[in-house]
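Number of protein chains: 2
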Amino acid sequence: MPLTERDDGWRRLIDAAELTRFVTEALRAAGARQSDAEVTAEVLVAADLGGVESHGVARLRRYVEGLRNGDINPHAVPETVSERGSVCVLDAHNGLGQPALREAVDIAVSRAQQFGTSTVMVRRSNHMGIAGWFAERAARAGMLALVSTNAVPQVAPMGTNEPMFGTNPLCYAVPTTTSTLCFDGATSTVSRGKLEQLDRLGEPMLKGWALGPDGQNTTDIPETVQGLIHRKGYALLPLGGGDKNYGGHKGSAMSLLVELLCGPLAGAQWSRHTYQNGEGGLGHFVFCLNLGALGDADTIRARVDELAQEVRAGAPTDNHAPVRIPGERRHRVTDMRREGGIPVLQSVVTDLDEIAAFVGISRVSALTYDA
Amino acid sequence: MPLTERDDGWRRLIDAAELTRFVTEALRAAGARQSDAEVTAEVLVAADLGGVESHGVARLRRYVEGLRNGDINPHAVPETVSERGSVCVLDAHNGLGQPALREAVDIAVSRAQQFGTSTVMVRRSNHMGIAGWFAERAARAGMLALVSTNAVPQVAPMGTNEPMFGTNPLCYAVPTTTSTLCFDGATSTVSRGKLEQLDRLGEPMLKGWALGPDGQNTTDIPETVQGLIHRKGYALLPLGGGDKNYGGHKGSAMSLLVELLCGPLAGAQWSRHTYQNGEGGLGHFVFCLNLGALGDADTIRARVDELAQEVRAGAPTDNHAPVRIPGERRHRVTDMRREGGIPVLQSVVTDLDEIAAFVGISRVSALTYDA
């Protein structure tokens, strides 16, 4: 039994500006301030533009419902609760994650311009979309940036099958001469979103990705996804899997690093204690390092290009698949989709139509069907 | 054909203070300054104390030879070549890695005490032993610290079989109420040192760890180790292996992050261009975040303990193996060995005896045999 009706590839093409318009209006109608709605819409649509549909407008319903039912505070204004030189801690007051994290990034950039390097933490926050959007914002300002967040507990550290950590992305971006180099990926082997996507496509789940309540590998997607959502003892495995021989302890340790930063150090909940009494309680982390504080920024950018070029030129193990630099594919897809429209699954379009009816705004208009 | 004679478990117990005395004298006799010899000895012996023999006194010969033949500059004094607020860049002038990186850590701690956070880079450096020693030094001063280095190229990013990256450790430490929590591991699935160790023990190498010149998985340890040393087209695989389905692109991206920081950003060589014309040319990276700049440091340490305790209490997938917190095992082994002596492989003791003869100092005295 699939989780949702198989989409069989049917998608609707939607213009990026129209999709952004729709998401902004929906959030606005659900109670968010105009500026908060705008940045949240921009980050969600950036995910769909870049081909990261799991973090895009398919999540809008949860935002709208959260704002409407009070789980997310539509009136929250992020507040600086502690600052010292190049370090700052923000309280998001349980508002939308995107405006809080954007504020954190902008503070981090400005502090790193002043001091060379900076760290900004956010506590009492919510889901904030793709970390890459935020890291690239800082990179465009001349920073090497690290951005992370914790999340609902789904990942079991090596040695247990109890979910302790979020999928805790490790995300970084650095400027090149013409663009940015940006990696954004969960510290688990796969994310739940990936399982849902495979289910829609009718493709199998592999061993080494998740454990069932018996502590054994599971490859049943609907059971695993439902088990993760309803916290029934299912867990995703960290990068490296559940086996020390393949580095499961290393993936666990990276996920733990994110958890330490975004939980105890940010003064936020750690993943296991998030989403209690309706409040997310998430923490985010931003680190900026100003290239200009290390030497001549243009020279450093050129050397980043050089390193990337050498990696790209590595002899491919598969002649049909050249070596990839993090972020390149996403940038290419973004350019294409900004030009030609974003293919959105029919099931997601239906969802958006229901949201439109729910909050009383006009439906998103699709360009055409895309097979 | 094994790489070295199998040791069959024969080890000599050596007192930690005696081993430190010996290493210090050997480095001193090879030309190093007393203070440089002392810190280098301390870091090397710390690896043996903690059970990380691959990074311990087994490497002493290379240091002594390097100092004697001029590949490592015994007279180098690390010099600050750029500083701006919380950022500092040191030129190690091709001296020993340990004194340069210790200096970097001490500057980073002092800058983070002043500014809250700091980044210090080192360029033109050499091998610096275990990153954990340096991260824990900063953690004992109340910092969350990240420490990394690049190294001789051995790791192929996903999609190629050309070694581009070093084993590029990702190392962090954070203070707890009583000690430190510290992870220190290569961003490759396994290190060459691990292969050499398995060979000595007569244990097999697994698929997914390394590629041969044909781009296919290799499981022949001596061939792989020799192929890596002599750069004959062999490569270790990143964490996650060579398969996107298991996150090979994520491990690659983490290794690339270290390479970016320690290469182009530090103004050092990146791994592929290290060790040319006799000079290492390595780069190191130190990041410190002062817990006291985030809030009450004692409260944060107590919450770090709490998180670690929850992870430790996770239901074990194997009843004989409780869930581990990074660094715990190493600390336990260190305490035992500081008390009862360090078991050193007979082949390594023989090596140390040869070094003693070479530089003209008295041999290390072993306590006893340890089966």
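Protein chains in written order, with the numbering used here: chain S, 1 to 371; chain D, 1001 to 1371.
Even glycine gets a Cβ: it sits at the ideal position worked out from N, Cα and C.
Straight-line CA distance for residue i to residue j?
{"i": "residue 222(S)", "j": "residue 193(S)", "result": "12 Å"}
{"i": "residue 263(S)", "j": "residue 1340(D)", "result": "39 Å"}
{"i": "residue 1074(D)", "j": "residue 1068(D)", "result": "8 Å"}
{"i": "residue 1371(D)", "j": "residue 1173(D)", "result": "Annotation note: pLDDT 48 at residue 1371(D) (below 50); position unreliable, coordinate value reported separately. When rounded, the distance between both Cα atoms is 34 Å."}
{"i": "residue 1378(D)", "j": "residue 258(S)", "result": "In this structure chain D extends from 1001 to 1371, so residue 1378(D) is not present and cannot be described."}
{"i": "residue 343(S)", "j": "residue 12(S)", "result": "5 Å"}
{"i": "residue 1081(D)", "j": "residue 304(S)", "result": "20 Å"}
{"i": "residue 1323(D)", "j": "residue 245(S)", "result": "16 Å"}
{"i": "residue 1179(D)", "j": "residue 1133(D)", "result": "13 Å"}
{"i": "residue 1290(D)", "j": "residue 18(S)", "result": "45 Å"}
{"i": "residue 1055(D)", "j": "residue 1360(D)", "result": "24 Å"}
{"i": "residue 314(S)", "j": "residue 1197(D)", "result": "29 Å"}
{"i": "residue 1218(D)", "j": "residue 1062(D)", "result": "28 Å"}
{"i": "residue 140(S)", "j": "residue 175(S)", "result": "6 Å"}
{"i": "residue 1078(D)", "j": "residue 345(S)", "result": "58 Å"}
{"i": "residue 29(S)", "j": "residue 100(S)", "result": "20 Å"}
{"i": "residue 1320(D)", "j": "residue 265(S)", "result": "32 Å"}
{"i": "residue 368(S)", "j": "residue 352(S)", "result": "16 Å"}
{"i": "residue 16(S)", "j": "residue 1186(D)", "result": "41 Å"}
{"i": "residue 50(S)", "j": "residue 336(S)", "result": "9 Å"}
{"i": "residue 1261(D)", "j": "residue 24(S)", "result": "38 Å"}
{"i": "residue 366(S)", "j": "residue 201(S)", "result": "22 Å"}
{"i": "residue 1002(D)", "j": "residue 1205(D)", "result": "Summary for residue 1002(D): the model assigns pLDDT 47, below 50, so the residue's position carries little reliability; its value from the coordinates is reported in the next sentence. Taking the straight line from one Cα to the other gives about 13 Å."}
{"i": "residue 1355(D)", "j": "residue 1064(D)", "result": "8 Å"}
{"i": "residue 53(S)", "j": "residue 60(S)", "result": "12 Å"}
{"i": "residue 1160(D)", "j": "residue 1231(D)", "result": "15 Å"}
{"i": "residue 1094(D)", "j": "residue 1152(D)", "result": "15 Å"}
Output, in chain order, the set of chain S residues within a Cβ distance shorter than 7 Å of residue i.
{"i": "residue 1250(D)", "result": "185, 239"}
{"i": "residue 1115(D)", "result": "85, 86, 115"}
{"i": "residue 1062(D)", "result": "Going along chain S, no residue has its Cβ under 7 Å from residue 1062(D), so there is no contact; the nearest lies around 26 Å."}
{"i": "residue 1300(D)", "result": "264, 265"}
{"i": "residue 1118(D)", "result": "117"}
{"i": "residue 1136(D)", "result": "Correct list: empty, because the minimum Cβ distance to chain S is about 15 Å."}
{"i": "residue 1253(D)", "result": "183, 185, 326"}
Can you name the residues that DSSP bridges to residue i?
{"i": "residue 276(S)", "result": "279(S)"}
{"i": "residue 954(D)", "result": "Past the boundaries of the shown model lies residue 954(D); chain D is included only from 1001 to 1371, so the question cannot be answered."}
{"i": "residue 1172(D)", "result": "1146(D), 1183(D)"}
{"i": "residue 121(S)", "result": "89(S), 285(S)"}
{"i": "residue 1016(D)", "result": "Partner(s): none; residue 1016(D) has no beta bridge."}
{"i": "residue 1321(D)", "result": "1318(D)"}
{"i": "residue 1155(D)", "result": "1165(D), 1236(D)"}
{"i": "residue 188(S)", "result": "238(S)"}
Could you pull out every residue in the same chain whose Cβ sits closer than 6 Å to the Cβ of residue i, ignoring the five residues on either side in sequence?
{"i": "residue 20(S)", "result": "41, 45"}
{"i": "residue 137(S)", "result": "105"}
{"i": "residue 1327(D)", "result": "1181, 1182"}
{"i": "residue 58(S)", "result": "348"}
{"i": "residue 1123(D)", "result": "1091, 1266, 1267, 1268, 1283"}
{"i": "residue 286(S)", "result": "104, 105, 108, 120, 147"}
{"i": "residue 1247(D)", "result": "1240"}
Whose Cβ in chain S lies nearer than 8 Å to the Cβ of residue i?
{"i": "residue 1259(D)", "result": "307"}
Just to make sure I have the definition right: I need the residues of chain D whose C-beta is within less than 7 Å of the C-beta of residue i. Which are they?
{"i": "residue 225(S)", "result": "The contacting residues do not exist; residue 225(S) stays about 18 Å from chain D at best."}
{"i": "residue 304(S)", "result": "1260, 1264"}
{"i": "residue 202(S)", "result": "By Cβ distance, chain D contributes nothing, its closest Cβ being about 16 Å from residue 202(S), past 7 Å."}
Can you name the residues of chain S whose CB is closer than 9 Å to the CB of residue i?
{"i": "residue 1219(D)", "result": "Result: empty, since nearest Cβ-Cβ is about 13 Å, beyond 9 Å."}
How would you list, in chain order, the residues of chain D whose beta-carbon sits under 9 Å from the beta-carbon of residue i?
{"i": "residue 206(S)", "result": "1245, 1246"}
{"i": "residue 289(S)", "result": "1087, 1119, 1261, 1265, 1287"}
Name the chain D residues whose beta carbon is nearer than 8 Å to that of residue i?
{"i": "residue 89(S)", "result": "1294, 1295"}
{"i": "residue 311(S)", "result": "1157, 1160, 1164, 1256"}
For residue i, which residues from the same chain have a beta carbon less than 7 Å from its beta carbon, with the 5 sequence-adjacent residues on both sides left out?
{"i": "residue 1331(D)", "result": "1179"}
{"i": "residue 5(S)", "result": "Annotation note: pLDDT 47 at residue 5(S) (below 50); position unreliable, coordinate value reported separately. Cβ within range, chain order: 347."}
Is residue i near the ligand HEM, judged by its Cβ being under 8 Å from some heavy atom?
{"i": "residue 1231(D)", "result": "In the structure on display, the ligand HEM does not appear, and there are no ligands present to speak of."}
Less than 8 Å between C-beta atoms, sequence neighbours within five positions excluded: which residues of the same chain meet that for residue i?
{"i": "residue 1032(D)", "result": "1040, 1067, 1074, 1096"}
What residues in the stretch 1141 to 1155 of chain D have a beta carbon less than 9 Å from any beta carbon of chain S?
Listed in sequence order: 1144, 1146.
Using a Cβ-Cβ cut-off of less than 7 Å, give me the residues of the stretch 187 to 198 of chain S that come near chain D, in sequence order.
Of all residues in the stretch 187 to 198 of chain S, the ones placed with a Cβ closer than 7 Å to any Cβ belonging to chain D are 189, in chain order.
Listed from N- to C-terminal order along the chain, which residues in the stretch 156 to 175 of chain S have their beta-carbon within a distance smaller than 8 Å of any beta-carbon of chain D?
From the stretch 156 to 175 of chain S, only 156, 157, 158, 159, 160, 161, 162, 164, 170, 172, 174 have a Cβ closer than 8 Å to chain D.
At a Cβ cut of 7 Å, what residues of the stretch 34 to 63 of chain S count as close to chain D, listed as they run along the chain?
Taking 7 Å as the cut-off between beta carbons, none of the residues of the stretch 34 to 63 of chain S comes near chain D.
Would you list, in chain order, the members of the stretch 1317 to 1340 of chain D that have their beta-carbon closer than 9 Å to a beta-carbon of chain S?
Correct list: 1317, 1318, 1321, 1322, 1323, 1324, 1325, 1326.
When you check each C-beta in the stretch 269 to 283 of chain S against every C-beta of chain D, which residues fall closer than 7 Å?
The residues in question are 270, 272.
Determine which residues of the stretch 119 to 133 of chain S have a Cβ less than 9 Å from any Cβ of chain D, and write them out in chain order.
For the stretch 119 to 133 of chain S, residues whose beta-carbon sits nearer than 9 Å to a beta-carbon of chain D comprise 119, 121.
Got a sec: which bits of the stretch 1070 to 1084 of chain D sit with their beta carbon under 9 Å from any beta carbon on chain S, in order along the chain?
Of all residues in the stretch 1070 to 1084 of chain D, 1081, 1082, 1083, 1084 have a Cβ within less than 9 Å of some Cβ in chain S.
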